[in-house]
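Heads up, the thing below is written out as structure tokens.
There are 2 protein chains.
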Amino acid sequence: MGIFTRNSAKIMTQPVLEINLNRIINNYKLLSDIVRPATPSAVVKDDAYSLNASIVAKALYEGAGCHNFWVAHASEAEKIVEFVPGAQIFVLQGIGEDSLSLFQKYKFIPVLSSPEMLAFWKKNQIEGVKPVIQVDTGLNRLGFRISELQKLNKSDLRLFSMVMSHLACADEKDHFMNQHQLDNFNKIRQEYFPGVPASLSASDGAFLDADYHFNMVRLGAAMYGINTAPYRRNQMESVISVKAPVLQIADLAKGDFVGYSATYRAATDRKLAILSIGYGDGLPVSLSNVGNIIFKKKDKIQEARIIGRVSMDNIICDVTDISGIKTGDYGYLLCDEYTLDDMARDAGTISYEILSRIGKTARYLRNYILK
Amino acid sequence: MGIFTRNSAKIMTQPVLEINLNRIINNYKLLSDIVRPATPSAVVKDDAYSLNASIVAKALYEGAGCHNFWVAHASEAEKIVEFVPGAQIFVLQGIGEDSLSLFQKYKFIPVLSSPEMLAFWKKNQIEGVKPVIQVDTGLNRLGFRISELQKLNKSDLRLFSMVMSHLACADEKDHFMNQHQLDNFNKIRQEYFPGVPASLSASDGAFLDADYHFNMVRLGAAMYGINTAPYRRNQMESVISVKAPVLQIADLAKGDFVGYSATYRAATDRKLAILSIGYGDGLPVSLSNVGNIIFKKKDKIQEARIIGRVSMDNIICDVTDISGIKTGDYGYLLCDEYTLDDMARDAGTISYEILSRIGKTARYLRNYILK
Numbered sequence: 000m001g002i003f004t005r006n007s008a009k010i011m012t013q014p015v016l017e018i019n020l021n022r023i024i025n026n027y028k029l030l031s032d033i034v035r036p037a038t039p040s041a042v043v044k045d046d047a048y049s050l051n052a053s054i055v056a057k058a059l060y061e062g063a064g065c066h067n068f069w070v071a072h073a074s075e076a077e078k079i080v081e082f083v084p085g086a087q088i089f090v091l092q093g094i095g096e097d098s099l100s101l102f103q104k105y106k107f108i109p110v111l112s113s114p115e116m117l118a119f120w121k122k123n124q125i126e127g128v129k130p131v132i133q134v135d136t137g138l139n140r141l142g143f144r145i146s147e148l149q150k151l152n153k154s155d156l157r158l159f160s161m162v163m164s165h166l167a168c169a170d171e172k173d174h175f176m177n178q179h180q181l182d183n184f185n186k187i188r189q190e191y192f193p194g195v196p197a198s199l200s201a202s203d204g205a206f207l208d209a210d211y212h213f214n215m216v217r218l219g220a221a222m223y224g225i226n227t228a229p230y231r232r233n234q235m236e237s238v239i240s241v242k243a244p245v246l247q248i249a250d251l252a253k254g255d256f257v258g259y260s261a262t263y264r265a266a267t268d269r270k271l272a273i274l275s276i277g278y279g280d281g282l283p284v285s286l287s288n289v290g291n292i293i294f295k296k297k298d299k300i301q302e303a304r305i306i307g308r309v310s311m312d313n314i315i316c317d318v319t320d321i322s323g324i325k326t327g328d329y330g331y332l333l334c335d336e337y338t339l340d341d342m343a344r345d346a347g348t349i350s351y352e353i354l355s356r357i358g359k360t361a362r363y364l365r366n367y368i369l370k
Numbered sequence: 000m001g002i003f004t005r006n007s008a009k010i011m012t013q014p015v016l017e018i019n020l021n022r023i024i025n026n027y028k029l030l031s032d033i034v035r036p037a038t039p040s041a042v043v044k045d046d047a048y049s050l051n052a053s054i055v056a057k058a059l060y061e062g063a064g065c066h067n068f069w070v071a072h073a074s075e076a077e078k079i080v081e082f083v084p085g086a087q088i089f090v091l092q093g094i095g096e097d098s099l100s101l102f103q104k105y106k107f108i109p110v111l112s113s114p115e116m117l118a119f120w121k122k123n124q125i126e127g128v129k130p131v132i133q134v135d136t137g138l139n140r141l142g143f144r145i146s147e148l149q150k151l152n153k154s155d156l157r158l159f160s161m162v163m164s165h166l167a168c169a170d171e172k173d174h175f176m177n178q179h180q181l182d183n184f185n186k187i188r189q190e191y192f193p194g195v196p197a198s199l200s201a202s203d204g205a206f207l208d209a210d211y212h213f214n215m216v217r218l219g220a221a222m223y224g225i226n227t228a229p230y231r232r233n234q235m236e237s238v239i240s241v242k243a244p245v246l247q248i249a250d251l252a253k254g255d256f257v258g259y260s261a262t263y264r265a266a267t268d269r270k271l272a273i274l275s276i277g278y279g280d281g282l283p284v285s286l287s288n289v290g291n292i293i294f295k296k297k298d299k300i301q302e303a304r305i306i307g308r309v310s311m312d313n314i315i316c317d318v319t320d321i322s323g324i325k326t327g328d329y330g331y332l333l334c335d336e337y338t339l340d341d342m343a344r345d346a347g348t349i350s351y352e353i354l355s356r357i358g359k360t361a362r363y364l365r366n367y368i369l370k
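Going line by line, the protein sequences match chains A and B.
By numbering that gives the first Met the number 0, the letter at position 344 of the first sequence is numbered 343, and the numbering carries on one by one without gaps.
By numbering that gives the first Met the number 0, the letter at position 33 of the second sequence is numbered 32, and the numbering carries on one by one without gaps.
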């Protein structure tokens with residue numbers, strides 16, 4: 000993502016978000032190689048984890064030959080459909096009165112997860128569309144329970160083009176839930192859906208044994224650079240960087256406080272930098288007084304600790320030991336040296352939540368990289 | 000915000016966000032009465048705390064006669080300018096090379112917070128625009144320090160239409176920082192800016208003594224319903240509600256786990272409901288296993304605890320004791336009975352952060368109320 004070149008004359012005010020589509024494509028291809036002969040597919044729900052689903056889906060379609068996409072809502076499917084002609088688009092939250100017309104218009108494939116939704120589908124079937132059925136195998140989230148499958152008749156069971164489920168703990172390789180859910184899934188397949196294509200795993204399941212891969216694997220978080228197999232070194236490339244200009248550098252006297260509610264107090268004289276970025280730009284308030292900002296100059300990489308509470312538009316960091324810094328320099332909030340996983344660890348949350356927030360803010364200068 | 004009317008035939012999939020512009024206007028008027036004779040002004044940065052700055056600014060302009068608006072970035076000012084003709088729009092992060100052209104085109108008023116930015120301004124002055132100067136009085140965020148003010152000459156000091164600062168701890172009435180910052184501000188005004196209009200307080204300062212109000216008060220969080228004076232009962236009306244349909248109701252057997260990483264285990268047989276909303280819709284993952292979802296039926300209001308980890312598109316709650324619930328019913332994530340402040344308390348963060356996230360998600364069905 001390049002080294003920042005300092006220009007001492009510049010005064011800048013806007014944060015910058017860079018999304019590397021080449022790396023998303025590379026990650027997708029690497030994951031595809033891991034899961035083959037299963038068919039890889041791309042999860043672009045939540046606006047491609049906030050990175051803009053139409054841009055990401057188009058890149059995967061054209062750059063990696065992806066023809067199977069997963070979204071949560073029909074309204075999300077509508078945003079990508081023109082960019083992926085002929086592709087299958089699966090809608091995980093299923094179909095309802097508030098989305099029926101979109102399914103009718105575009106032939107999206109609904110995932111049906113409850114008897115009530117199946118009843119709705121049977122009243123509103125769409126020619127040429129065979130839905131997916133989701134069964135619960137232990138996550139206890141969306142999906143038919145065994146007691147509900149038992150009540151379906153044979154013609155009901157023939158309605159579906161695929162049977163799917165979702166793993167609860169696949170980011171822990173040896174978690175007992177993995178085998179438990181796999182066994183449940185195989186029992187359900189054999190009893191109710193023999194010969195029907197199947198999908199169990201998302202990104203984290205891709206790193207489990209091939210037994211978990213079935214016919215289609217749904218690649219999401221790992222494609223966006225998150226380590227979904229944290230028991231091993233991340234094989235994925237980081238796909239976003241976030242940087243913000245230093246608006247001001249100031250001295251902080253011993254004993255003085257910083258930020259709202261005075262949550263930081265200087266034990267010695269310090270130098271601080273105020274950056275033009277905050278929780279309004281998707282950064283967690285829980286980074287207050289933790290987490291690092293990275294300053295890059297040619298080959299030199301330095302880290303500065305966040306101090307005080309993260310506010311809506313600004314973050315303050317301690318640059319006492321950062322050499323040569325001045326206003327107009329950029330500090331990196333996310334980059335190869337401090338990734339989503341690193342920030343999530345510091346913020347006490349999951350990488351997914353941070354990624355889902357970052358791209359939703361309108362005020363970034365935005366740069367998509369695609370060679 | 001009305002009582003939900005159940006329709007047993009409905010299958011719905013999309014979450015719904017309702018923004019009550021009447022209440023924003025009412026809150027603004029109430030706050031205006033409190034701060035008069037100071038001029039009230041509206042803070043609509045971060046896209047009006049995510050609620051859509053052009054809609055909110057227009058409502059305040061037309062419905063409350065507001066003619067002074069604060070944003071963080073010039074790009075935000077550009078989005079509201081056509082809806083508030085003749086109004087003053089102040090830009091808190093100031094002016095730089097990446098925003099100069101917008102200031103030139105629209106005559107926004109930059110807030111200058113550092114000697115470097117003042118130097119940039121002096122090279123790029125815009126006819127008819129007198130900037131605001133921000134001075135630091137103890138927050139140790141953006142603003143000229145005393146040592147920097149001392150270096151300004153008399154013509155520099157005459158450049159400004161207003162002097163402003165920002166309080167660190169005004170949501171705690173008796174916090175020593177309030178008086179400390181007030182004293183600093185008065186000293187700076189008297190020494191460097193005699194006769195220049197002044198602004199010190201935001202929403203939280205509105206509830207402090209009139210000494211803190213000066214010429215203009217910047218009304219933000221409280222206008223959006225947040226209690227910025229938590230030592231007293233909230234006088235503001237809640238301005239948003241968020242609800243999501245129940246996609247599925249299912250039994251949960253004693254000993255079974257719920258959600259990712261199996262963070263909830265049932266001690267007894269339970270009944271659960273899966274709602275079509277998650278952190279992708281701006282809800283904090285830190286609500287996992289805490290926080291309530293409110294079900295309303297006619298006059299009956301019932302609360303259900305969130306169980307398991309909040310996921311991107313779904314939240315699960317325990318409805319064992321909720322009578323008469325079925326798929327298609329709506330559960331409220333935010334409403335008059337469970338406000339932003341309540342959710343923030345449960346999620347371990349500040350109301351501001353939650354509000355800033357909610358409106359940024361594209362997949363809500365959105366409803367603005369304006370009589």
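Ideal placement from N, C-alpha and C gives every residue a C-beta, glycine not left out.
Fair warning: this is a prediction, and the values are worked out from it, not measured in the lab.
Exercise. Below 8 Å, can you find three or more Cβ-Cβ pairs linking the region 239 to 254 of chain A to the region 23 to 36 of chain A?
Worked result: Contact annotation: the region 239 to 254 of chain A does not touch the region 23 to 36 of chain A, with fewer than three C-beta pairs closer than 8 Å.
Exercise. Would you call the CB atoms of residue 438 of chain B and residue 360 of chain A closer than 8 Å?
Worked result: Residue 438 of chain B lies beyond the residue range present for chain B, which begins at 0 and ends at 370; the question has no answer from this structure.
Exercise. How do the region 75 to 92 of chain A and the region 294 to 303 of chain B stand: do at least 3 beta-carbon pairs fall below 8 Å, yes or no?
Worked result: no
Exercise. Apart from the five residues just before and just after residue 139 of chain A, which ones in its own chain have a Cβ nearer than 7 Å to its Cβ?
Worked result: none
Problem set entry | Selection from A:109, A:194, A:169, A:314 that minimises the alpha carbon distance to residue 206 of chain A | A:169
For this session: Please check if any C-beta of chain B sits within less than 8 Å of the C-beta of residue 259 of chain A.
Result: yes
Exercise. Taking the alpha carbon of residue 49 of chain B as the point to measure from, which residue in B:367, B:366, B:370, B:356 has its own alpha carbon closest?
Worked result: Proximity to residue 49 of chain B across B:367, B:366, B:370, B:356 peaks at B:356, based on C-alpha coordinates.
Exercise. Along the region 215 to 230 of chain B, what residues have a CB closer than 8 Å to any CB found in chain A?
Worked result: So nothing in the stretch comes that close.
For this session: With a cut-off of 8 Å on the beta carbons, I'd call residue 284 of chain A and residue 349 of chain B a contact; round off their distance for me.
Result: 6 Å
Exercise. Going along chain B in order, which residues have a C-beta closer than 8 Å to the C-beta of residue 212 of chain A?
Worked result: Listed by position along chain B, the residues whose Cβ is nearer than 8 Å to that of residue 212 of chain A form an empty set, because the closest Cβ is around 20 Å away.
Exercise. Nearest to residue 311 of chain A by CA position, among B:215, B:261, B:137, B:70, is which residue?
Worked result: Of all alpha-carbon atoms in B:215, B:261, B:137, B:70, the one lying nearest the alpha-carbon of residue 311 of chain A is that of B:70.
Problem set entry | Close-in-space but distant-in-sequence residues of the same chain around residue 114 of chain B (CB under 6 Å, 5 per side omitted) | 147
For this session: Taking 8 Å as the cut-off, decide whether the C-beta atoms of residue 90 of chain B and residue 218 of chain B are in contact.
Result: Their beta carbons are not under 8 Å apart, which means residue 90 of chain B does not touch residue 218 of chain B by this criterion.
For this session: Determine, using beta carbons only, whether residue 304 of chain A comes closer than 8 Å to chain B.
Result: So no, residue 304 of chain A is outside the interface.
Exercise. By the criterion of Cβ-Cβ separation under 8 Å, what are the contact partners of residue 44 of chain A in chain B?
Worked result: 279, 311, 312
For this session: Could you tell me which chain A residues have their CB closer than 7 Å to the CB of residue 290 of chain B, listed as they occur along the chain?
Result: Near residue 290 of chain B there are no residues of chain A at all, since even the closest Cβ is about 15 Å away, more than 7 Å.
Problem set entry | Rounded straight-line distance, which links the Cα of residue 47 of chain A to that of residue 236 of chain A | 16 Å
Exercise. Under 8 Å Cβ-Cβ, which residues of chain A neighbour residue 200 of chain B?
Worked result: In chain order: nothing, as chain A lies at least about 14 Å away.
Problem set entry | Where residue 315 of chain B meets chain A, residues with beta-carbon distance less than 8 Å | 139, 140
For this session: Determine the closest residue to residue 447 of chain A out of A:292, A:201, A:333, with distance taken between C-alpha atoms.
Result: This structure cannot settle anything about residue 447 of chain A, because the visible part of chain A is limited to 0 through 370.
Exercise. Using the beta-carbon count (16 or more within 10 Å), is residue 175 of chain A buried or exposed?
Worked result: exposed
Problem set entry | 8 Å Cβ cutoff, residue 434 of chain B in contact with chain A | As shown, chain B starts at 0 and ends at 370. That puts residue 434 of chain B outside it, with no answer to give.
Exercise. For the candidate residues B:35, B:86, B:336, B:85, whose alpha-carbon lies nearest to that of residue 224 of chain B?
Worked result: B:336
Exercise. Candidates B:358, B:362, B:366: which alpha carbon is nearest residue 51 of chain B's?
Worked result: B:358
Exercise. Excluding the five sequence neighbours on either side, which residues of its own chain have a C-beta within less than 7 Å of the C-beta of residue 260 of chain A, listed in chain order?
Worked result: 308
Problem set entry | Burial state of residue 326 of chain B (16 or more Cβ within 10 Å) | Buried.
Exercise. Can you tell me whether DSSP reads residue 161 of chain B as helix, strand or coil?
Worked result: Shown here, residue 161 of chain B sits in a strand according to DSSP, grouped into three states.
Exercise. If you drop the 5 nearest sequence neighbours on each side, which residues of the same chain put their C-beta closer than 7 Å to that of residue 213 of chain A?
Worked result: Excluding positions up to five away in sequence, the list reads 37, 197, 198, 199.
For this session: Say whether the region 142 to 162 of chain B touches the region 98 to 115 of chain B, bearing in mind that this needs 3 or more beta-carbon pairs closer than 8 Å, one atom from each stretch.
Result: yes
Problem set entry | Contact with chain B by residue 355 of chain A, beta-carbon distance below 8 Å | yes
Problem set entry | 7 Å Cβ cut-off: residues of chain A touching residue 96 of chain B | 9, 10, 11
Exercise. Does any C-beta atom of chain B lie closer than 8 Å to the C-beta of residue 352 of chain A?
Worked result: True, the Cβ-Cβ gap to chain B drops below 8 Å.
Problem set entry | DSSP state of residue 445 of chain B mapped onto helix, strand, coil | Residue 445 of chain B is absent from the model: chain B starts at 0 and stops at 370.
For this session: Quick one: list the residues of chain B neighbouring residue 53 of chain A, beta-carbon separation under 8 Å, in chain order.
Result: In chain order: nothing, as chain B lies at least about 11 Å away.
Exercise. Where does residue 259 of chain A sit, in a helix, a strand or coil, going by DSSP?
Worked result: helix
Exercise. Closer than 8 Å, CB to CB, is residue 344 of chain B near chain A or not?
Worked result: no
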